[in-house]
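Using this note's numbering, you'd call the opening residue of the sequence shown number 500 and step up by one each time. We put the beta carbon where it would ideally sit given N, CA and C, even for glycine.
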Amino acid sequence: MIYDTAIIGAGATGAATAYFLGKYRQKTVLLEAGFEVCSGISKANSGIVHGGFHHPADSLKTKLELRGNRLIAQLHRELHFPYLKCGILVVAYSDNELPALQELYQRGLANGIKIEYCSRERLFALEEKLHESAVAGFFVPEGGTIEPYMMVFALVENALKNGVALQCGFKVVSGTRKDGIWHLTAADGREVKARYIVNAAGLYADDVSGALGGESFKITPRKGEEYLLDRTSAGRPSKVIFPVPVKHSKGVLVIPTAGGTTMIGPTAEMVDDKSDTATTAENFKKILHLTRNMVNGISAGDLITSFAGLRPVHESEDFYIAPSQKVPALIQAAGIQSPGLTASPAIGEYIVELLQSSGLTLEEDPEFDGTLPPRLESRNISDKELSELCRRDPAWGNIICRCEKISEAEIIEAVKRGHTTVDGVKFYTRAGMGRCQGGFCSGKVLQIISKHSGIPMEKLTKKGGSSTILAGSLGDLEVK
Numbered sequence: 500m501i502y503d504t505a506i507i508g509a510g511a512t513g514a515a516t517a518y519f520l521g522k523y524r525q526k527t528v529l530l531e532a533g534f535e536v537c538s539g540i541s542k543a544n545s546g547i548v549h550g551g552f553h554h555p556a557d558s559l560k561t562k563l564e565l566r567g568n569r570l571i572a573q574l575h576r577e578l579h580f581p582y583l584k585c586g587i588l589v590v591a592y593s594d595n596e597l598p599a600l601q602e603l604y605q606r607g608l609a610n611g612i613k614i615e616y617c618s619r620e621r622l623f624a625l626e627e628k629l630h631e632s633a634v635a636g637f638f639v640p641e642g643g644t645i646e647p648y649m650m651v652f653a654l655v656e657n658a659l660k661n662g663v664a665l666q667c668g669f670k671v672v673s674g675t676r677k678d679g680i681w682h683l684t685a686a687d688g689r690e691v692k693a694r695y696i697v698n699a700a701g702l703y704a705d706d707v708s709g710a711l712g713g714e715s716f717k718i719t720p721r722k723g724e725e726y727l728l729d730r731t732s733a734g735r736p737s738k739v740i741f742p743v744p745v746k747h748s749k750g751v752l753v754i755p756t757a758g759g760t761t762m763i764g765p766t767a768e769m770v771d772d773k774s775d776t777a778t779t780a781e782n783f784k785k786i787l788h789l790t791r792n793m794v795n796g797i798s799a800g801d802l803i804t805s806f807a808g809l810r811p812v813h814e815s816e817d818f819y820i821a822p823s824q825k826v827p828a829l830i831q832a833a834g835i836q837s838p839g840l841t842a843s844p845a846i847g848e849y850i851v852e853l854l855q856s857s858g859l860t861l862e863e864d865p866e867f868d869g870t871l872p873p874r875l876e877s878r879n880i881s882d883k884e885l886s887e888l889c890r891r892d893p894a895w896g897n898i899i900c901r902c903e904k905i906s907e908a909e910i911i912e913a914v915k916r917g918h919t920t921v922d923g924v925k926f927y928t929r930a931g932m933g934r935c936q937g938g939f940c941s942g943k944v945l946q947i948i949s950k951h952s953g954i955p956m957e958k959l960t961k962k963g964g965s966s967t968i969l970a971g972s973l974g975d976l977e978v979k
């Protein structure tokens with residue numbers, strides 16, 4: 500098989516590119532180094548759909564952010580991933596911050612977005628949980644939050660539905676071009692041939708570019724620690740709450756997630772290690788202090804988990820999306836940091852345009868179907884609907900994850916769709932994302948994955964590779 504296009508990286512950028520290439524009669528393969536799609540930077544971020552006011556109108560970031568914001572709303576209607584269009588409030592908490600707030604507001608006006616400058620009274624009318632020190636702000640109604648992994652899963656699922664191929668565990672280590680064909684080799688020896696390559700490898704886009712003989716650039720991780728509060732938190736606001744931003748960071752936020760929890764963070768720290776996803780008690784205390792002065796009701800007792808995401812920072816601090824000037828038939832898509840998630844559908848669209856201008860022949864496929872059916876979720880349907888589902892399939896009545904009300908049927912469906920790691924099932928269904936963080940349901944989840952995938956329990960993993968969970972049965976232990 501010689502593919503027309505090989506996309507390296509199945510995060511938000513790669514998934515969106517695959518989705519848009521699925522509209523055409525051509526052969527595309529999506530290559531992911533992890534054992535599940537969305538296993539890198541795209542799954543570990545704030546999930547915010549940005550409103551288009553942080554960057555100047557003439558920057559590539561702003562152009563793609565504004566288009567991406569509109570596309571996410573459209574894709575949500577067609578693919579049915581969770582999207583909470585709650586709006587964004589940017590709040591000044593002292594008079595000293597008012598000049599910077601006004602500058603940001605004027606930028607939003609210049610960028611042509613819907614934006615409302617708010618007095619103190621208007622702020623509290625929009626969000627009653629704001630800390631009493633709030634003095635002014637502005638409201639952007641077109642912002643909100645998504646579950647990033649669910650958007651990526653939906654984009655990939657639709658791409659596969661329209662003929663795109665997927666290979667996971669494909670870590671590109673070398674690439675050569677001969678007679679107009681790229682030959683890509685993975686760490687495990689697998690090979691893929693393609694006429695065009697898209698480098699959407701996230702944190703490792705610099706390594707992939709080097710392996711392909713492309714441009715030499717450096718991706719530096721900027722770590723952001725995030726802290727997740729229980730869905731019962733009294734501090735959950737109705738809007739995404741931004742402070743007035745600081746240099747290199749949009750600041751610490753209070754975020755009502757699309758999944759029903761509340762997120763506080765992130766930090767912004769440049770690190771050298773691309774695998775450094777540690778969180779610290781010290782940073783939690785800092786985040787807790789800052790957010791308590793933004794929104795009332797934030798409590799350390801509501802903390803259920805923490806994680807860190809790594810933003811891939813290019814030397815330019817802007818997105819680097821362009822055809823390679825060193826080797827032919829290679830599109831670079833690197834440095835996709837914030838607002839990269841919001842921009843990702845527009846980035847995918849833009850990459851397809853770059854492929855076409857670089858010589859890729861694209862013919863629209865009249866059989867393209869850009870929709871997915873709505874997902875059935877036991878926690879979001881009526882008792883009558885659930886009773887009917889249970890009558891047809893008793894697995895709908897067996898609630899496995901009590902915190903998030905996830906049924907056995909939903910976990911089985913996740914396995915059927917190719918999610919055979921614990922993390923894959925968790926991100927697809929939310930099983931294990933609640934208050935107990937899998938303390939009650941993990942064993943049952945493992946049993947269901949094993950039964951419906953055929954993978955022995957002791958070979959199941961958290962996230963693929965060597966991340967096995969069980970050492971074996973008690974019967975295998977030698978008693979001394």
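- Closest option to Lys-722, judged by alpha-carbon separation, among Gly-713, Thr-779, Asp-706 and Phe-716: Thr-779.
- DSSP places Cys-889 inside the alpha helix (DSSP H), whose first and last residues are 882 to 891.
- If you draw a straight line from the Cα of Gly-643 to the Cα of Lys-738, it comes to about 8 Å.
- Annotation for Pro-647: no beta strand (DSSP E) segment contains it, though the alpha helix (DSSP H) segment containing it runs 647 to 660.
- Taking all protein chains in view, the Cβ of Asp-705 is crowded by 16 or more other Cβ atoms within 10 Å, so the residue is classified as buried.
- The stretch 829 to 891 is shown to contain whole beta strand (DSSP E) runs of 3 or more residues at 829 to 833, in chain order.
- Annotated three-state conformation of His-951 is helix, per DSSP.
- Of the candidates Ser-708, Gly-942 and Glu-724, Ser-708 places its Cα closest to the Cα of Ser-823.
- Secondary structure note for Glu-690: its beta strand (DSSP E) is the uninterrupted segment 690 to 698.
- Secondary-structure assignment with DSSP links Arg-676 through a beta bridge to Trp-681.
- Around Glu-903, the same chain offers Arg-878, Arg-929, Ala-930, Met-932 and Gly-933 as residues with beta carbons nearer than 7 Å, after the five sequence neighbours per side are excluded.
- Phe-637 and Val-691 do not touch by the CB rule: their CB atoms are close to 48 Å apart, not below 8 Å.
- Distance check between Ala-532 and each of Lys-825, Leu-683 and Pro-581 places Leu-683 closest, using alpha-carbon atoms only.
- Taking C-alpha positions only, Asp-892 is separated from Val-924 by approximately 20 Å.
- Beta-bridge partners of Ile-718 (DSSP): His-813.
- DSSP, reduced to helix, strand and coil, places Met-500 outside both helices and strands of the structure shown, so it counts as coil.
- By a beta-carbon distance limit of 8 Å, Gly-758 does not contact Ala-543. Their separation comes to about 14 Å.
- In chain order, Ala-894, Ile-947 and His-951 place their CB closer than 8 Å to the CB of Ile-911, counting only its own chain and leaving out the 5 sequence neighbours on each side.
- If you check the CB distance, Ala-833 and Tyr-849 do not come in under 8 Å.
- Assigned with DSSP and collapsed to three states, Phe-519 falls in helix.
- By the 16-neighbour rule on beta-carbons within 10 angstroms, Ile-501 is exposed.
- Leu-608 counts as exposed, since fewer than 16 other C-beta atoms from the protein chains shown sit within 10 angstroms of its C-beta.
- For Ile-540, no pairing in a beta bridge is given by DSSP.
- Arg-606 has its alpha-carbon roughly 41 Å from the corresponding atom of Asp-503.
- The residue among Ile-540, Gln-855, His-549 and Leu-787 with its C-alpha nearest the C-alpha of Asp-801 is Leu-787.
- The alpha-carbon separation between Val-672 and Tyr-703 amounts to approximately 11 Å.
- Distance check between Tyr-616 and each of Glu-631, Ile-587, Ile-571 and Glu-627 places Ile-587 closest, using alpha-carbon atoms only.
- By the neighbour-count definition (other C-beta atoms within 10 Å, threshold 16), Gln-831 is a buried residue.
- About 7 Å separates the beta carbon of Cys-537 from that of Ala-509, a gap short enough to meet the 8 Å contact definition.
- When the Cα atoms are used, Phe-716 and Ile-880 turn out to be separated by approximately 49 Å.
- Cβ neighbours of Ala-686 within its own chain (closer than 6 Å, five residues either side excluded): Lys-670 and Val-672.
- Contact check for Gly-937 against Lys-825 fails: the beta carbons are separated by 8 Å or more.
- Here Gln-525 carries a coil assignment [DSSP, helix/strand/coil].
- From the listed residues Pro-736, Ala-556 and Leu-659, the smallest Cα separation to Thr-527 is found for Leu-659.
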